Amino acid sequence: MQIYKTTDYHDMSRKAANIISAQIILKPNSVLGLATGSTVLGIYNQLVEWYHKGDLDFSRISTVNLDEYKGLAPDNHQSYRYYMDQNLFHQININKENTHLPNGQAGNVDEECARFNDIIEHLGGIDLQLLGLGRNGHIGFNEPSEVFEKGTHCVRLTGSTREANSRLFDRGETVPEYAYTMGIRTILLAKKIVLAVSGEDKAEILKEALYGPVSPAVPASILQLHPDLIVVADAAAANSICFSGEECV
Ligand code: F6R
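Following this note's numbering, the numbering of the sequence shown begins with 686 at its first residue and continues without gaps.
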């Protein structure tokens, strides 16, 4: 595990974007696993900026996203497909056909999970998976549980996750109760994982995830077992884990 402690959100975004850029430059046909949410927004803004400067080419890149709300259409402003289109895909030269998310409107849950697993398998797996960290330790929408779910599945979101995510919904809109998510096994099979964490409210859960027992009660704790995990955290999030230069650079 490599931990980068950065000064602030902007610095965290830049560092994580640098790592993703290196991946794209070294392997122009990379399969990137992507996340949504507040933490990764600055990373996408930075990648878009470097694309416009001519430093990055996404034409041969494929992407698979971690998750999607069940029931939401792609053009619903709260869907993760809409988020990705607006914040990244429509601003770079990626081939839209090479961008994959679970279909929130699929009629059959099992078939949709199988379809999404197949896509990842046919792409040959994920080269670099970008992750944010939920306040309860979730990754993707793998919520605290008694078991680690392996492949894509449909989950009932916890009250705390729905409450945390309600900040992104307009008044009167309700956060969907269910979502599709990539499973833990698929995430762990990614060749490289970049965990981006920002803010004081994530400090304790980050410490628990990285140094506590590996348990499905804290899904992110499984990342301790990954051979190439890079944590990029701003100072507010990293303060409880970085006491000396030995742990963190
Ligand atoms: C979203 C996702 C989630 C978020 C997590 C942190 O695709 O997979 O696990 O990464 O909920 O969200 P923010 O960054 O909004 O705190």
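Idealized CB from N, CA, C, for every residue including glycine.
If you're wondering where the values come from, they're calculated on a predicted model, not measured in any experiment.
Worksheet item: Can you give the beta carbon distance from residue 920 to residue 692, rounded, assuming they're within the 8 angstroms contact cut?
Response: Mapped onto the sequence shown, residue 920 falls at position 235. Mapped onto the sequence shown, residue 692 falls at position 7. Sure, about 6 angstroms apart at Cβ, within 8 angstroms.
Worksheet entry | 6 angstroms Cβ shell around residue 904 - same chain, five flanking residues per side excluded | Taking the first residue of the sequence shown as 1, we reach residue 904 at position 219. Only 822, 823, 824, 827 meet the Cβ criterion.
Item to complete: Specify, as a first and last residue, the run of the alpha helix (DSSP H) that residue 803 falls within.
Response: The count along the sequence shown starts at 1 and reaches residue 803 at position 118. Per DSSP, residue 803 belongs to the alpha helix (DSSP H) from 794-807.
Worksheet item: What is the rounded straight-line gap between the Cα of residue 874 and the Cα of residue 805?
Response: Taking the sequence shown and counting its residues from 1, the one referred to as residue 874 is at position 189. Taking the sequence shown and counting its residues from 1, the one referred to as residue 805 is at position 120. Cα to Cα, the separation comes out at about 11 angstroms.
Practice prompt. Whole angstroms is fine: what's the gap from residue 856's alpha carbon to residue 745's?
Written response: If you number the sequence shown from 1, residue 856 lands on position 171. If you number the sequence shown from 1, residue 745 lands on position 60. Approximately 39 angstroms between the Cα atoms of the pair.
Item to complete: Note down the Cα distance separating residue 902 from residue 888, rounded to an integer number of angstroms.
Response: Working through the sequence shown from its first residue, we reach residue 902 at position 217. Working through the sequence shown from its first residue, we reach residue 888 at position 203. Their backbone Cα atoms lie some 17 angstroms apart in a straight line.
Worksheet item: In terms of DSSP beta bridges, what is residue 918 paired with?
Response: Position 233 of the sequence shown, counting from 1, holds the residue named residue 918. 690, 882, per the DSSP bridge assignment.
Worksheet item: Going by other Cβ atoms of all chains shown within 10 Å of its Cβ, with 16 needed for buried, is residue 858 buried or exposed?
Response: The residue labelled residue 858 in the question sits at position 173 within the sequence shown. Exposed.
Worksheet entry | residue 730 to residue 772 span [Cα, whole Å] | For the purposes of this step, residue 730 is taken as residue 45 along the sequence shown, with counting starting at 1. For the purposes of this step, residue 772 is taken as residue 87 along the sequence shown, with counting starting at 1. Each residue's Cα considered, the two are about 7 angstroms apart.
Item to complete: For the beta strand (DSSP E) containing residue 841, list its first residue and its last residue.
Response: Translated into positions along the sequence shown, residue 841 becomes position 156. Per DSSP, residue 841 belongs to the beta strand (DSSP E) from 838-841.
Item to complete: Classify residue 758 as buried or exposed, calling it buried when 16 or more other Cβ atoms lie within 10 Å of its own Cβ.
Response: The sequence position of residue 758 within the sequence shown is 73, counting from 1. It counts as exposed.
Worksheet item: So, helix, strand or coil for residue 783, using DSSP?
Response: Indexing the sequence shown from 1 puts residue 783 at position 98. DSSP places residue 783 in helix when its eight states are reduced to three.
Item to complete: Return the residue from the list 766, 700, 689, 779 that minimises the CA-CA distance to residue 713.
Response: Sequence index remark: in the sequence shown, residue 713 carries index 28 (1-based). The shortest C-alpha to C-alpha distance from residue 713 to any of 766, 700, 689, 779 is the one to 779.
Worksheet item: When the Cα of residue 752 is compared with those of 885, 841, 934, which residue comes out closest?
Response: The residue given as residue 752 occupies position 67 in the sequence shown. Cα-wise, what sits closest to residue 752 is 841.
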